[in-house]
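A.B. asks: The structure that follows is given in the form of structure tokens.
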Amino acid sequence: MDASWKSVEFEEEASPESKLLAFTLLLRSDLRMNGQATIAIDLPRQVYQSLSADVFRAIFSDLLLERDPGIESRLQIRIVDGSAFGYGRRASDDR
1 MDASWKSVEF EEEASPESKL LAFTLLLRSD LRMNGQATIA IDLPRQVYQS
51 LSADVFRAIF SDLLLERDPG IESRLQIRIV DGSAFGYGRR ASDDR
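When we follow the working numbering, the leftmost residue of the sequence shown carries the number 1, and every step to the right adds one.
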């Protein structure tokens with residue numbers, strides 16, 4: 001991973017919804033800095049699997065699309081076993 005990669009963890013007792021919301025708001029605030037570049041995202045499996053598709057869409061997808069309607073074509077989402085969320089640019093061999 002290169003120097004632009006950011007990793008964040010939230011309190012373990014926080015709900016999956018609040019973790020995803022906090023991460024999404026952080027990501028939204030950084031979208032302007034990333035311009036039109038591809039954005040790699042790591043989502044913790046435990047959070048991802050505990051949310052219904054509708055809740056995930058309302059928290060993550062809808063909030064990002066509101067900020068940047070073309071973002072979906074630039075996202076590379078990976079579900080990871082760890083507890084940390086991450087985002088930024090990733091070396092192609094890390095995918």
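Ideal Cβ placement from N, Cα and C applies to all residues, glycine included.
Predicted model only: the values in this text are computed from it and were never measured.
1) So, are the CB atoms of aspartate 54 and isoleucine 79 less than 9 Å apart?
2) Per DSSP, which one or two residues make a beta bridge with serine 76?
3) On the three-pair Cβ rule with 8 Å, is the segment 10-19 touching the segment 70-77?
4) What number of angstroms, rounded off, separates the C-alpha of arginine 28 from the C-alpha of leucine 64?
5) When DSSP labels each residue in this structure, what does serine 29 get in the three-state scheme?
6) According to DSSP, what are the bridge partners of valine 47?
C.D. replies: Looking at the coordinates:
1) no
2) Note that residue 76 corresponds to glutamine in the displayed sequence, not to serine. Beta-bridge pairing links glutamine 76 to Ala40.
3) no
4) 6 Å
5) helix
6) None, per the DSSP bridge assignment.
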